[in-house]
Structures are given as C-alpha cells and as structure tokens.
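Heads up, the thing below is written out as structure tokens.
Residue numbers (the numbering used here): 491 to 694.
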C-alpha cells in the first residue's frame with residue numbers, strides 16, 4: 491500500500507535530543523553526499539527537498555527544485571514544494587518560509603533541528619540503490635555566494651588595477667615637466683639663419 495501519511499513530531503525547547511550546528515551539517519552532508527558548510531545555506535530549501543525525497547522517494551519533483559539559487563524567490567519556491575509534500579503526507583507543520591529565506595542563523599537552526607527529529611522519526615533505511623548526488627544531477631546544495639549586483643552595476647574604473655587607478659587621478663606631471671621652452675631669437679641667431687649675412691644696415 492502506498493504511503494500516505496508520515497509521523498508528526500513536535501519540537502520544543504525541552505525536546506531531546508538536540509544537536510550542535512556541526513552535528514546538523516554532518517548529518518545533512520552524510521545523507522546527501524554534499525558539502526554544506528553553514529546552517530545559513532539551508533535557507534535555500536533545496537537540501538530539505540532532497541532529504542524529503544529520501545524519506546519518500548519521488549515525492550519531490552526535482553525538475554522544479556532550484557539548486558542554483560540567487561534570490562529569495564528561488565528559496566521560497568523550494569520551500570513551497572516542501573510544504574506541498576508535508577500537506578500531501580499529512581505532516582502537521584507550517585514552514586516559516588519567510589523567516590527561513592532571510593538566511594538568519596537562529597531561524598534556520600531551529601527548523602533544521604525540527605527537521606532532523608522529523609526525519610529520524612520516519613526514516614527506516616536508505617532506499618535501495620539510492621544515489622543522492624545522481625538524483626539531483628550532481629548539483630551543489632550550498633547557497634550561491636556570488637553577488638551579481640556588483641558585477642552588473644560596477645563601473646569599469648572599479649575593476650582597474652590600483653596602479654592604473656592611481657595614475658588616472660593625477661594630472662600627468664611628467665607631461666607638464668616635458669613642455670618646451672623657446673628662447674628669444676637674437677641678432678646672431680638671425681644672421682646664422684640667413685647664411686651668415688649680417689642684418690646690420692649700417693655696416694658696409
């Protein structure tokens with residue numbers, strides 16, 4: 491018979507066991523063959539979608555999961571997929587999506603602790619032949635750290651080497667010093683220019 495319900499769990503401040511941030515990350519990385527470095531990276535929702543797929547294979551449409559996440563809208567889309575899975579399998583949990591996507595540590599840590607409790611309450615064993623990396627087409631689960639706005643809106647001057655930028659702020663003093671000074675033309679110079687003839691009209 492097809493699975494249509496998962497075990498619900500309630501997480502409180504007194505819930506046992508609890509885990510450190512490092513323990514949560516190690517668990518995620520072991521399950522998903524990933525290299526997530528920070529709890530904050532879980533704010534994309536992609537890792538939770540992958541973990542949900544381990545609990546209920548093919549419960550998540552991976553073609554809709556956004557792994558290359560650049561904006562909060564991408565994160566929201568992933569958590570909506572997760573919430574839809576919760577609703578389908580009667581998981582009584584309302585995901586605080588708009589808190590999680592902000593990437594704040596405490597909110598993401600608390601949800602990660604709850605999700606691990608939920609996962610372990612429902613996990614029996616890895617599905618036969620399950621390859622977490624292959625399932626997500628070898629895509630990363632860490633939040634993309636590239637700030638595209640700096641690339642798009644930066645000026646060419648901002649990416650010039652320091653020596654060139656420093657030079658562009660000067661007034662080229664070397665060129666100013668190289669200006670040519672012309673000496674006054676004397677009578678002797680005029681005579682030499684005229685083939686050695688004197689320009690003195692009183693001389694015979």
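Beta carbons are placed, not taken as given, at the ideal position from N, Cα and C, and that holds for glycine.
| Item | Value |
| --- | --- |
| Which residues bound the alpha helix (DSSP H) around residue 604? | 595-612 |
| Give me the Cβ distance between residue 611 and residue 499, rounded to the nearest whole Å; I'm assuming they're in contact under 8 Å. | 5 Å |
| Cutting at 8 Å between CB atoms, please list the residues of its own chain near residue 585, excluding the five before and the five after it. | 569, 572, 573, 576 and 601 |
| Where do the N-terminal and C-terminal ends of the alpha helix (DSSP H) with residue 543 fall, by residue? | 536-545 |
| Hey, how far is the Cα of residue 431 from the Cα of residue 545? | Absent from the model: residue 431. The displayed extent of the chain is 491 to 694, so no value can be given. |
| Contact check, residue 523 vs residue 623 under 8 Å by CB: the rounded distance? | 5 Å |
| Could you check the C-alpha separation between residue 494 and residue 554 for me, to the nearest Å? | 22 Å |
| Pick out the complete alpha helix (DSSP H) segments inside the stretch 560-599, 4 residues or longer, and give them in chain order. | 562-578 and 587-590 |
| With C-beta atoms as the reference, is residue 514 less than 7 Å away from residue 632? | no |
| Mind checking whether residue 530 and residue 593 have CB atoms under 7 Å apart? | yes |
| Could you compute how far the alpha carbon of residue 599 sits from the alpha carbon of residue 616? | 24 Å |
| Quick check on the DSSP output: the alpha helix (DSSP H) that includes residue 527 runs from which residue to which? | Element bounds for residue 527: n/a, residue is neither H nor E. |
| Keeping to the same chain, check which residues put their C-beta closer than 6 Å to that of residue 702; ignore five residues upstream and five downstream. | No answer is possible for residue 702: it lies beyond the span of the chain, which begins at 491 and ends at 694. |
| Whose CA, out of 496, 614 and 534, lies closest to the CA of residue 559? | 534 |
| For residue 589, which of 582, 604, 562 and 579 has the nearest alpha-carbon? | 562 |
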